[in-house]
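All remarks here apply to the structure that follows.
Chains as they are written, first to last, in the numbering used here: chain A, 1 to 141; chain B, 1001 to 1211.
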């Protein structure tokens, strides 16, 4: 059987609880498939900012993948909600150059659309605390 | 050469506009590339014979391109549903136009709805041609629609109905096409039903003011 990079990728996010916010249904399905394929537990897939803000209030989210332009809105309220709880996130966007919508988070990782599955997986893995995939137990509440 | 203050202001304004347009264009292009990538990945994952994969992918790509053409023609105001339906059904059922009925009022679908709507119509038509009412020599399909409500509380209801086709059965696992039909259009309520002589689907979607 195949035990090379693909199976490593398959466990890179083993058990990691991930939230995804993306307004395009096809991209959302794709992100979900990629993350689940890497072992993640996708605890929420949201297509609107309102749903994203609600989902971001859950406990135990280890990481989030966020599109920036959600319909006519921007992701900012969701990102703020996550940031206030200490939940790390990565932006997945077609707007790669200094989008004012995410100016508050200039130091955050941005993955440019379209990205290879492995790039998305390693960007999410890069958000996790070193040495384990468990969500922080005593992170800010 | 000296530029007057007015010239400089005008030049700056036009440069700014150009930058904004470029940024918007980049965003759209990258987004559409990601959509094509998602379609490719999903299509390759589906359980269809290898020789049909390219055909499936190209069909979906054409559907996307068709919707895009209508949007460009309208200068991104929206796509007329009748034109979109004719285009998407016409592409799949070009040999049997008399077996396709399209009926409904003129309605402009906003860009964020038009593109996925085009893809959904393409999936419905492709399914009809492969397994449904357009797969034999006698069946037909109807797509008709109406709107309800007014101003900022308008919605569109489209009925898709296949008749006279072979007996259809709901397949076990839900494929990419079905998931696409169910979820692609933002805010839409979609119901798929299997009747003895054909498949039916209703799509209800809220419309922004001025559609």
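Idealized CB from N, CA, C, for every residue including glycine.
Quick caveat: nothing in here was measured; it's all calculated off a predicted structure.
Could you tell me whether any Cβ in chain B is nearer than 7 angstroms to the Cβ of residue i?
i	result
residue 114 (chain A)	yes
residue 55 (chain A)	no
residue 30 (chain A)	yes
Between residue i and chain A, is the shortest Cβ-Cβ distance under 7 angstroms, so that the two count as touching?
i	result
residue 1084 (chain B)	no
residue 1174 (chain B)	no
residue 1027 (chain B)	yes
residue 1037 (chain B)	yes
residue 1184 (chain B)	yes
Taking all protein chains shown into account, decide if residue i is buried (16 or more other Cβ within 10 angstroms of its Cβ) or exposed.
i	result
residue 87 (chain A)	buried
residue 1076 (chain B)	exposed
residue 1116 (chain B)	buried
residue 1149 (chain B)	exposed
residue 97 (chain A)	exposed
residue 93 (chain A)	buried
residue 1005 (chain B)	exposed
residue 1046 (chain B)	exposed
residue 11 (chain A)	exposed
residue 107 (chain A)	exposed
residue 1051 (chain B)	exposed
residue 1084 (chain B)	buried
residue 1022 (chain B)	exposed
residue 114 (chain A)	buried
residue 1134 (chain B)	buried
Might you give, ordered along the chain, the residues of its own chain that have their beta carbon closer than 8 angstroms to the beta carbon of residue i, omitting 5 neighbours on each side?
i	result
residue 133 (chain A)	Its pLDDT being 47, under 50, residue 133 (chain A) is placed unreliably by the model, and nothing is read from it.
residue 3 (chain A)	Legend: pLDDT at residue 3 (chain A) = 42, less than 50; position of this residue unreliable, value from coordinates given subsequently. So the list is empty, once near-sequence residues are dropped.
residue 1064 (chain B)	1032, 1035, 1036, 1039, 1115, 1118 and 1119
Just to make sure I have the definition right: I need the residues of chain A whose C-beta is within less than 9 angstroms of the C-beta of residue i. Which are they?
i	result
residue 1033 (chain B)	94, 113 and 114
residue 1030 (chain B)	93, 94, 95, 96, 112, 113 and 114
residue 1166 (chain B)	Simply none; closest approach about 29 angstroms.
residue 1116 (chain B)	24, 25 and 26
Per DSSP, residue i is paired with what?
i	result
residue 1106 (chain B)	Beta-bridge pairing links residue 1106 (chain B) to no other residue.
residue 1176 (chain B)	Answer by DSSP bridge pairing: none, since residue 1176 (chain B) is not bridged.
residue 1101 (chain B)	B:1142
residue 1191 (chain B)	B:1202
residue 1157 (chain B)	B:1146 and B:1204
residue 1162 (chain B)	B:1141
residue 1112 (chain B)	Its beta-bridge partners do not exist; DSSP assigns none.
Please go through the same chain and pick out, in chain order, the residues whose beta-carbon is closer than 6 angstroms to the beta-carbon of residue i, but skip the five residues on each side of it.
i	result
residue 1160 (chain B)	1124, 1143 and 1201
residue 35 (chain A)	18 and 42
residue 77 (chain A)	49 and 53
residue 82 (chain A)	56, 64 and 89
residue 1138 (chain B)	1164
residue 228 (chain A)	Nothing about residue 228 (chain A) can be reported from this structure: the residues present for chain A run from 1 to 141 only.
residue 47 (chain A)	23
Please list the partners that residue i has in chain B, where partner means a Cβ-to-Cβ separation under 7 angstroms.
i	result
residue 97 (chain A)	1023
Name the chain B residues that come within less than 8 angstroms of residue i, Cβ to Cβ?
i	result
residue 73 (chain A)	Those within 8 angstroms of residue 73 (chain A) in chain B number zero; the least Cβ separation is about 12 angstroms.
residue 47 (chain A)	1186
Between which residues of its own chain and residue i is the CB-CB distance below 7 angstroms, once the five residues before and five after are set aside?
i	result
residue 19 (chain A)	43, 44, 55, 56, 61 and 64
residue 1188 (chain B)	1203, 1204 and 1205
residue 138 (chain A)	Bear in mind that a pLDDT of 47 at residue 138 (chain A), under 50, signals an unreliable position, so the number given afterwards is only what the model happens to contain. Excluding positions up to five away in sequence, the list is empty.
residue 1185 (chain B)	1113, 1116, 1117, 1120, 1203 and 1205
residue 1072 (chain B)	none
residue 1166 (chain B)	1135 and 1136
Along chain B, which residues have their Cβ under 9 angstroms away from the Cβ of residue i?
i	result
residue 23 (chain A)	1112 and 1186
residue 27 (chain A)	1031, 1034, 1035, 1037 and 1038
Would you mind telling me which residues of chain A sit closer than 7 angstroms to residue i, beta carbon to beta carbon, in chain order?
i	result
residue 1041 (chain B)	30
residue 1179 (chain B)	29
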